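Asker: Take this structure, written in structure tokens, and hold onto it; I'll ask about it next.
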Amino acid sequence: MTAWLSFLVVFLCGWSLRDLVVEACTCVPIHPQDAFCNSDIGQENHRMENFRLTLKDRKWLVLEREQLAFRPILPGILEKMATETSSSDIWKRLIRAKVVGKKLMKDGPFGTMRYTVKQMKMYKGFQIMPHVQYIYTEASESLCGVKLEVNKYQYLITGRVYEGKVYTGLCNWYEKWDRLTLSQRKGLNHRYHLGCGCKIRPCYYLPCFATSKNECIWTDMLSNFGHLGYQAKHYACIQRVEGYCSWYRGWAPPDKTIINATDP
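Set out below in structure tokens:
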């Protein structure tokens, strides 16, 4: 009887850990404009203070945020980011690159995949690291590792630099370059920058209202599209001359096609 109970306890613990590993890669949706704009170390550190630990003693710590979202952060980075608000070691990177090689690095129980990339363009982070040769990610997708194909596609990749290495994961924005819409490409070049003073507020259920003049309501989550939705693909949240923010779409200058903050 004792042996049977021991087996049952071990089985249930293993089952719970398996579920926890899978859930660890559930990420909060992020609009491409936010992925572009959120590179200021002060803003990043301020947000980290709102996280609380939900799992310890793993290579990737899992942090729970409001709205039941999770993000993975390398051990040690959380404490560094929360206490060193002026640190220059951690910067967001946003690059366009082609993967030309990969190597499994056996640096832990799960390993890390090191991708060799040919950088085409850097949109963010060139002040500290003007050129990126390697990008690191978890070897396992269950630990939020990213799978990139070698010598096939150009990718848009966001990541974070820590101790001279660029890390990325499933909770970072990455996409094949040819899958980006024209609006997203124009946003990367100049439009998203114009809206970095605005706040994109996700709407998960109706009704949703802007609570300040610098907010745009993001409704893609109502149809479960998230960052793949129509607003994420074709809209930027731009600040108008009058001082309030609203969604902007199209190829004309922003002052000609500004639409209401609740549209679409």
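Sequence positions in the sequence shown follow mature numbering (1 follows the signal peptide of the UniProt record, and there is no 0) and run -24 to -1, 1 to 240. Note that the Cβ used here is the ideal one computed from N, Cα and C, for glycine as well. Keep in mind it's a predicted model, so treat the numbers as computed, not measured.
Could you spell out where the beta strand (DSSP E) holding Tyr211 opens and where it closes?
Answerer: That residue, Tyr211, is in no beta strand (DSSP E); it is neither H nor E in DSSP.
Asker: Determine the direct distance from the alpha carbon of Val217 to that of Pro5, and round the result to whole angstroms.
Answerer: So the two alpha carbons sit approximately 29 Å from each other.
Asker: Answer with buried or exposed for Pro106, where buried requires no fewer than 16 other C-beta atoms within 10 angstroms of its C-beta.
Answerer: Label assigned to Pro106: exposed.
Asker: So what does DSSP say about Leu182, is it helix, strand or coil?
Answerer: If DSSP states are grouped into helix, strand and coil, Leu182 belongs with coil.
Asker: Output needed for Glu125: all residues of its chain with C-beta closer than 7 Å, excluding positions within five of it in sequence on either side, in chain order.
Answerer: The answer, listed in chain order, is Val75.
Asker: May I ask you to verify whether the segment 127 to 134 touches the segment 147 to 163, counting CB pairs closer than 8 Å and requiring at least 3?
Answerer: Yes, since at least three Cβ pairs between the segment 127 to 134 and the segment 147 to 163 fall closer than 8 Å, the two stretches touch.
Asker: How about Cys184 and Ile193: are their beta carbons less than 7 Å apart?
Answerer: Contact: yes.
Asker: Would you check if the segment 77 to 95 and the segment 107 to 118 touch, i.e. whether three or more CB-CB distances between them fall below 8 Å?
Answerer: Result yes; three or more Cβ-Cβ pairs closer than 8 Å.
Asker: If you follow the beta strand (DSSP E) that Cys221 is in, where does it begin and where does it stop?
Answerer: Where Cys221 is concerned, the enclosing beta strand (DSSP E) stretches over 221 to 224.
Asker: For Tyr99, which residues of its own chain have a beta-carbon under 6 Å away from its beta-carbon, when the five flanking residues on both sides are left out?
Answerer: Leu70, Leu164.
Asker: I need the DSSP call for Gln95, collapsed to helix, strand or coil.
Answerer: Reduced to three states, the DSSP call for Gln95 is strand.
Asker: Which parts of the segment 124 to 189 are runs of the beta strand (DSSP E), unbroken and 3 residues or longer, counting only runs that do not cross its ends?
Answerer: Fully enclosed beta strand (DSSP E) runs of 3 or longer: 130 to 138, 141 to 143, 150 to 152, 175 to 178.
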